[in-house]
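**Q** Below: one structure in structure tokens.
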Amino acid sequence: MSDRLSRAIRGAAFAIGIVAGMSAAHADTTMLNVSYDPTRELYKAINESFAAKWLAETGEVVTVGQSHGGSGKQARAVIDGLEADVVTLALAYDIDAIARNSDLLGKDWQERLPNNSSPYTSIIVFLVRKGNPKGIKDWPDLLKPDVQVITPNPKTSGGARWNYLAAWAYALEQSGGDEAEAKRFVGDLYSRVPVLDAGARGSTTTFAQRELGDVLLTWENEAHLAVKHLGADKLEIVVPSTSILAEPPVALIDGNVDDHGTRRVAEAYLRYLYSPDAQEIAAQNFYRPTDQTVAARYADQFPQIPLVTIDQAFGGWQEAQKKHFADGGIFDQIYRPGQ
Amino acid sequence: MVAQARRALSIAGETVEPAGAAQARRATTEPPLVRWALIAAGVVFILLVLVLPLISVFMEALRGGAATFLHAVGDGDTWQAVRLTLLVAGIAVPLNVVFGLAAAWAIAKFDFRGKSLLITLIDLPFSVSPVISGLIYVLLYGANGWFGPALKELDIKIIFNVTGLVLATIFVTFPFVARELIPLMQEQGRDEEEAAISLGASGWRTFWHVTLPNVAWGLLYGVLLCNARAMGEFGAVSVVSGHIRGLTNTMPLHVEILYNEYDFVGAFAVASLLAGLAIVTLVAKSLLEWRYGDRLAAGRKH
């Protein structure tokens, strides 16, 4: 498009924008963090703390907007034009999806920040009813005759994929690498799931509010939050012998920050997530800090157990997604509703 | 049912009077026991399906006491959601009044090619699922949509923005005003307008002094229905909202968010505000019917 034409169109658009009242002229900076479901409380606290720090350092007022929903759905919204300055999603695969389906950020996004771009981590734990009436201590206990398991649908939920992979990794380890055995274990596990909710929060509600099932597989942070909100007299957390290191990654959406002129503040925001202050907030919200000093202070809160990682046990998210969760993948083979 | 049938018939351009012969004998012949059993079944059904859920919303909202309720309602994000809902309805409803009046006027008072096609198009939002109504805007105006690249070039934002919420709401509530007015205007015919014109009134004057006063009550009724739906719409706005806290969350969306955040009292408090708005609308409608029942009845038949 020629420069004059594009300038003319821009002028017209500007006029239309004013007429329609769409041109939001902000004296202060606003940026948008598009995140997944369980992080609402975490980012509410971090955003306030970041804004205070940014004001003190630069004299600029910054407001960080929050948008939450299922991780895959949020990635879809960013691809469709939700103008995120940064995304903080449940798993790398969803940010990969943004990189693949748009030109908003580079495919090497995960190498740009420390720890695979994951400022905090979590693990998959069990949530059981108070007193643990079914005696669920570890993964094999999930297959006891009368145990019903609640976990969301791995096709739609990020947390559900971590749950599935944690179970798979345990079974593979136990059988000395026998995939047929792992498939049997996970198949048996999912035959005990009475309802697959679309997202992690939905499953928590099913388990805690509707009182379905004997054990909920979920994020450690989500389990702590459920205990905090729904009562330590009703629920308790069981940490299994092994689990998976869940790394919810963060990324700068280059295409949007350049349009908004927010690159500087958005980059500072992501760096801030790794700072001791933000790490402290993460730990208070039951996310495992990656900062060793902060982690040491909260050692009691986060039991150390052997953890597999997605890269080491599954060869990364692309591999895991293709093998397990794509149409016709192992999950489709083992999950037969109503049987 | 009768009203609908009349409506359908009057759209076709006919007016049919219900058969008067049936009034000569008793309308029902069933024994009293059967009649009362049927009435009781109806009442129980209404209680279980309509009244109890409504009561439970208010009960849940007030479960933590009035102070908790006020705290939940006074939250900044809640007020923003209320303001946004009123803003969206405040833009969508007047526009749909203009569109609906224009469409009904054109359809009822003029003959032109494609009239039945226009009627079908007006009905389209009734038959399309609200989620689809939202998705079509994402498909058209989203970053990867048909107009996405052009809109980006022009720096115009439609989806995940108040504009998108207003568009989706206009689409979903489009038929309400037009559908109220079309049968009414068709029943009234064109005689009065023709008389006004032949006496020398201009088109505008005829519209303001003849057409509009004739349909005023029907219009008001349509506005109330349109407004109730505009404020309560969930599916379509959920797709185009982007769920940005304090920015693009309307009240129905905010209810869902609060519920998912374990804030059950907050969720039901906001839900009770929405229900309150709906009840105000219904009461307003009933008051109008009661106070001006005869004039309403003269203009419209249900």
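Chains as they are written, first to last, in my numbering: chain Z, 1 to 339; chain G, 1001 to 1302.
Positions of the beta carbon are idealized from the N, C-alpha and C atoms, including for glycine.
In this text, all values refer to a predicted model and were calculated from it rather than measured experimentally.
Quick one: what's got a C-beta closer than 6 Å to Thr-1085/G's C-beta in the same chain, skipping five residues either side?
**A** Result list for Thr-1085/G: Met-1231, Thr-1250 and Met-1251, in chain order.
**Q** Should Gly-17/Z be flagged as near chain G, meaning a C-beta pair shorter than 8 Å?
**A** Confidence at Gly-17/Z is low in this model, with a pLDDT of 43, below 50, so its placement is unreliable and the value that follows should be read with caution. Taking Cβ atoms only, chain G reaches closer than 8 Å to Gly-17/Z, which makes this a yes.
**Q** State yes or no: is the C-beta of Gln-148/Z within less than 8 Å of the C-beta of Gly-213/Z?
**A** Against a cut-off of 8 Å, the Cβ pair of Gly-213/Z and Gln-148/Z comes out as a contact.
**Q** Does the distance from the CB of Leu-217/Z to the CB of Ile-124/Z come in under 8 Å?
**A** Yes; because the gap between Cβ atoms is below 8 Å, this pair is in contact.
**Q** Whether or not the region 148 to 159 of chain Z and the region 102 to 119 of chain Z are in contact is what I'm after, with contact meaning three or more pairs of Cβ atoms, one per stretch, closer than 8 Å; do they touch?
**A** The region 102 to 119 of chain Z is not in contact with the region 148 to 159 of chain Z.
**Q** Any contact between the region 1218 to 1225 of chain G and the region 1173 to 1186 of chain G? By contact I mean 3 or more CB pairs, one from each, below 8 Å.
**A** Result yes; three or more Cβ-Cβ pairs closer than 8 Å.
**Q** Taking Ser-1116/G as part of the alpha helix (DSSP H), name the residues at either end of that continuous run.
**A** Note, Ser-1116/G: alpha helix (DSSP H), 1115 to 1127.
**Q** Beta carbons nearer than 7 Å to chain Z: which residues of the region 1125 to 1146 of chain G have them?
**A** Going along the region 1125 to 1146 of chain G in chain order, one finds Val-1138, Gly-1142, Ala-1143 and Asn-1144 with a Cβ nearer than 7 Å to chain Z.
**Q** His-1243/G touches chain Z at which residues, Cβ-Cβ below 7 Å?
**A** Within 7 Å Cβ-Cβ: Ser-67, His-68 and Gly-69.
**Q** What in chain Z is Cβ-close to Glu-1261/G, meaning under 8 Å?
**A** Chain Z residues near Glu-1261/G: Arg-40 and Glu-41.
**Q** Is it right to say Ile-1279/G is buried, meaning 16 or more other beta carbons lie within 10 angstroms of its own, or is it exposed?
**A** By the 10 Å Cβ count, Ile-1279/G comes out exposed.
**Q** May I ask you to list, following chain order, the residues of the region 1152 to 1186 of chain G that have a beta carbon less than 9 Å from some beta carbon of chain Z?
**A** Result list: Lys-1152, Glu-1153, Leu-1154, Asp-1155, Ile-1156, Lys-1157, Ile-1158, Ile-1159, Phe-1160, Asn-1161, Val-1162 and Thr-1163.
**Q** Taking the alpha carbon of Ser-243/Z as the point to measure from, which residue in Trp-162/Z, Trp-54/Z, Asp-327/Z and Ser-67/Z has its own alpha carbon closest?
**A** The shortest Cα separation from Ser-243/Z among Trp-162/Z, Trp-54/Z, Asp-327/Z and Ser-67/Z belongs to Trp-162/Z.
**Q** Between Leu-1247/G and chain B, is there a C-beta pair that is closer than 8 Å?
**A** Note that chain B does not occur in the displayed structure, where the protein chains are Z and G.
**Q** Using a Cβ-Cβ cutoff of 7 Å, what residues of the region 199 to 229 of chain Z are near chain G? List them in chain order.
**A** The region 199 to 229 of chain Z vs chain G, Cβ under 7 Å: Arg-201 and His-229.
**Q** Once you ignore the five residues that flank Gly-135/Z on each side, which residues in its own chain have a CB closer than 7 Å to its CB?
**A** Answer for Gly-135/Z: Asp-141, listed in chain order.
**Q** Does chain Z have any CB closer than 8 Å to the CB of His-1148/G?
**A** Checking the sequence shown, residue 1148/G turns out to be Gly, not His. Closer than 8 Å to some Cβ of chain Z, the Cβ of Gly-1148/G qualifies, so yes.
**Q** Between which two residues does the beta strand (DSSP E) containing Phe-1264/G stretch?
**A** Unbroken run through Phe-1264/G is the alpha helix (DSSP H), 1264 to 1291; no beta strand (DSSP E).
**Q** Which residue wins for smallest C-alpha separation from Leu-359/Z, given the options Asp-327/Z, Ala-97/Z, Pro-248/Z and Thr-30/Z?
**A** This structure cannot settle anything about residue 359/Z, because the visible part of chain Z is limited to 1 through 339.
**Q** Taking Leu-340/Z as the query, report the chain G residues whose CB atoms sit under 9 Å from its CB, ordered along the chain.
**A** No statement about residue 340/Z is possible, as the shown extent of chain Z runs from 1 to 339 and does not include it.
**Q** Give the straight-line distance between the Cα atoms of Phe-1126/G and Gln-284/Z, rounded to the nearest whole angstrom.
**A** Straight-line Cα distance between these residues: approximately 48 Å.
**Q** Can you tell me which of the three DSSP states Tyr-36/Z falls into?
**A** It is a strand residue.
**Q** Please state the DSSP three-state secondary structure of Ala-90/Z.
**A** Coil.
**Q** Short check: CB of Asn-1144/G to CB of Ile-95/Z, under 8 Å?
**A** No, the Cβ-Cβ distance between Asn-1144/G and Ile-95/Z is not below 8 Å.
**Q** Starting from Ser-1056/G, trace the alpha helix (DSSP H) both ways and give me its first and last residue.
**A** Segment 1052 to 1061, the alpha helix (DSSP H) holding Ser-1056/G.
**Q** Going by other Cβ atoms of all chains shown within 10 Å of its Cβ, with 16 needed for buried, is Glu-1193/G buried or exposed?
**A** Glu-1193/G is buried by the Cβ-count criterion.
**Q** Secondary structure at Thr-29/Z, three-state DSSP: helix, strand or coil?
**A** Looking at Thr-29/Z - three-state DSSP - the assignment turns out to be strand.
**Q** When we look at the beta-carbon of Lys-1115/G and count the other beta-carbons within 10 Å, is it buried (16 or more) or exposed?
**A** Lys-1115/G should be labelled exposed.
**Q** What residues match up with His-68/Z in a beta bridge as DSSP calls it?
**A** According to DSSP, His-68/Z bridges with Ser-35/Z.
**Q** Would Gly-219/Z and Tyr-170/Z be called neighbours here (beta carbons separated by less than 8 Å)?
**A** Strictly speaking, residue 219/Z in this sequence is Trp, with Gly absent from that position. No, the pair does not count as a contact, with Cβ atoms beyond the cut-off.
**Q** Does the separation of the CB atoms of Ser-49/Z and Ala-278/Z fall below 8 Å?
**A** Against a cut-off of 8 Å, the Cβ pair of Ala-278/Z and Ser-49/Z comes out as a contact.
**Q** For the alpha helix (DSSP H) containing Ala-182/Z, name the first residue and the last one.
**A** Here the alpha helix (DSSP H) through Ala-182/Z covers 179 to 190.
**Q** Quick check: the region 1252 to 1262 of chain G against the region 1034 to 1052 of chain G, are there 3 or more CB pairs under 8 Å?
**A** With a cut-off of 8 Å, the region 1034 to 1052 of chain G and the region 1252 to 1262 of chain G do not count as touching, because too few Cβ pairs lie within range.
**Q** CB-CB under 7 Å to Glu-267/Z, same chain, minus the five flanking residues each way: which ones, in chain order?
**A** The answer, listed in chain order, is Leu-252.
**Q** Can you pull the chain G residues whose beta carbon is under 7 Å from the beta carbon of Asp-80/Z, in chain order?
**A** Neighbours of Asp-80/Z on chain G, chain order: Val-1138, Gly-1142, Ala-1143, Asn-1144 and Ile-1159.
**Q** Should Leu-1253/G and Ser-1238/G be called a contact, given that it needs their Cβ atoms to be closer than 8 Å?
**A** Yes, the Cβ-Cβ distance between Leu-1253/G and Ser-1238/G is below 8 Å.
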